[in-house]
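In my numbering, the protein residues as written are 935 to 1352.
Take a look at the structure:
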């Protein structure tokens, strides 16, 4: 009996030691007698670079897409529907319904203000690299998606019905027939846009099942069948924001924009002293091996904290989701204005989740726990971070943060046996 309890005790201690040194241990407690989590700060004096730069011109996984003009530039909404019937005998009606989130000086909606175009034979995907496009999308380059890919305008083949919160677009049945009959199985979908001043926000499939764009049609599979009504949601829906392909950047500025995408690059030093200086007086680093000590630290929480400069802030009811990315590229692009400061090939997200805030306070906090853990463990070289926003949540131009960010870190030192 005593032997059993002793064995269990040894196993429990071994589990505690192991769990405290794992990178994914977000608890960071060592049990009775173990080291307690400590709090340390990377002060703003350790930040070495601040740049804001025009990033991409396409959005994916956003809850809304724009139609109309924003800042005198045109926004294009792209819709693609699949799960269509394999064959048909007769199609009698085709309708696309869109739900409106907000109108921004865009009230008159009909087939003179809305432009529809069929996308040519391109199997596009919302999350493909060339949709995010920060280093590749060119509106005049046939290698990527360009205006040449949707010049087949539907000028007289649709009519628009609009009420306060929804839009119905009645299409010519030939559009759906062509999608189903296409021998190459290329159903590329539609582009919807407008050259009218003002814009509106349309819900996408990422918002909810009851607000997403819907394709509804009536059809017969055979001559003897009765008409069946079918409703299909978009498989992909996203927005492309037309740019002049001249990407700007601003040194010593920290600003984020959603609708006209602007991202932040920043770099900071991580000195070992911010961890070692916080240790209790009786804590002894094993074998005086600081590198091993840093590798075994558990980062319970690390937060990059921005402060609003109080000048160009989001509306009080606005919201934003920011996503941190590792920088893996060696250099910043200062020489070619046709690509951003950092491209998609220069960054890596590792599927790190975003941090959201309503911005009703002066501080904005971004979770960078995994990044700090990877940096101090040596798995990633600290080349800086990129902060992106890919959501279009409100009618705002941009927000600016002051140049005094800090990183607050809660960490647990490795367990040391007496």
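Glycine included, each C-beta is placed from N, C-alpha and C at the ideal position. These figures come from a predicted structure and were not determined experimentally.
Of 1130, 1046 and 1043, the smallest CA-CA separation from residue 1004 is found for 1130.
If you ignore the 5 residues before and after residue 1021, its C-beta comes within less than 8 Å of the C-beta of 1114 and 1155, all in its own chain and listed in chain order. The beta-carbon distance between residue 1149 and residue 1166, rounded to whole angstroms, is 5 Å. This is short enough to meet the 8 Å contact definition. Between the segment 1336-1343 and the segment 1265-1285 there are fewer than three C-beta pairs closer than 8 Å, too few to call the two in contact. Per DSSP, residue 1026 is one residue of the beta strand (DSSP E) stretching across 1024-1038. Burial state of residue 1211 is exposed, judged by a 10 Å Cβ sphere holding fewer than 16 other Cβ atoms. Contact between the segment 1045-1059 and the segment 1092-1110 is present: three or more C-beta pairs spanning the two stretches fall below 8 Å.
For the pair residue 1121 and residue 1029, the CB atoms are not nearer than the 7 Å cut-off.
The distance from the Cβ of residue 1153 to that of residue 1164 is about 7 Å, consistent with a contact at the 8 Å cut-off. Under DSSP, the beta-bridge partners assigned to residue 1184 are 986. The shortest CA-to-CA distance from residue 1232 to any of 1090, 1346, 1200 and 1336 is the one to 1346. For the alpha helix (DSSP H) assignment, the uninterrupted runs of no fewer than 4 residues enclosed by the segment 1094-1176 are, from N- to C-terminal side, 1107-1115. Between residue 1241 and residue 1296, the beta carbon gap of about 6 Å places them in contact (Cβ cut-off 8 Å). Across the set 1257, 1267 and 1269, the C-alpha of 1257 shows the shortest separation from the C-alpha of residue 1299. For residue 1334, DSSP records a beta bridge to 1189.
Between residue 1015 and residue 1266, the alpha-carbon positions lie close to 39 Å from each other. For residue 983, the number of other beta carbons within 10 angstroms of its own is below 16, and it is reported as exposed.
Under the DSSP definition of a beta bridge, residue 1236 partners with 1343. Taking a 10 Å sphere around the C-beta of residue 1222, we find fewer than 16 other C-beta atoms and assign the residue as exposed. For residue 1268, the number of other beta carbons within 10 angstroms of its own is below 16, and it is reported as exposed.
If you look at residue 1225, you'll find it in the alpha helix (DSSP H) that goes 1224-1230. In the structure shown, residue 1210 falls within a helical segment according to DSSP collapsed to helix, strand and coil. The three-state secondary structure of residue 1265, taken from DSSP, is coil.
Bounds of any beta strand (DSSP E) do not take in residue 1242, whose DSSP letter is neither H nor E. With a 10 Å radius around the Cβ and a threshold of 16 neighbouring Cβ atoms, residue 975 comes out exposed. Between residue 1099 and residue 1138, the CB-CB gap reaches or exceeds 7 Å.
Residue range 972-976 is occupied by the beta strand (DSSP E) that includes residue 973, with no alpha helix (DSSP H) assigned at that position. As the crow flies, the alpha-carbon of residue 1096 is around 42 Å from that of residue 1184.
When the beta-carbon positions are compared, residue 1190 and residue 1333 come within less than 7 Å of each other.
Exclusion of the five residues before and after residue 1303 leaves 1233, 1235 and 1236 as the residues of its chain whose Cβ lies within less than 6 Å of its Cβ.
For residue 1298, the enclosing beta strand (DSSP E) has its first and last residue at 1297-1301. Only residues of its own chain outside the window of five on either side were considered, and among them 1033 and 1137 have a CB closer than 7 Å to the CB of residue 1145, listed in chain order. Take the alpha-carbon of residue 1018 and the one of residue 1026: they are about 15 Å apart.
DSSP, read as helix, strand or coil, puts residue 1309 in helix.
Listed in chain order, the non-local C-beta contacts of residue 1322 below 6 Å within the same chain comprise 1197 and 1257, local neighbours out to five positions each way being set aside.
Take residue 1002, set aside five residues on each side of it, and the residues of its chain with a beta-carbon closer than 7 Å to its own are 1009, 1040, 1128, 1130, 1132, 1133 and 1134, in chain order.
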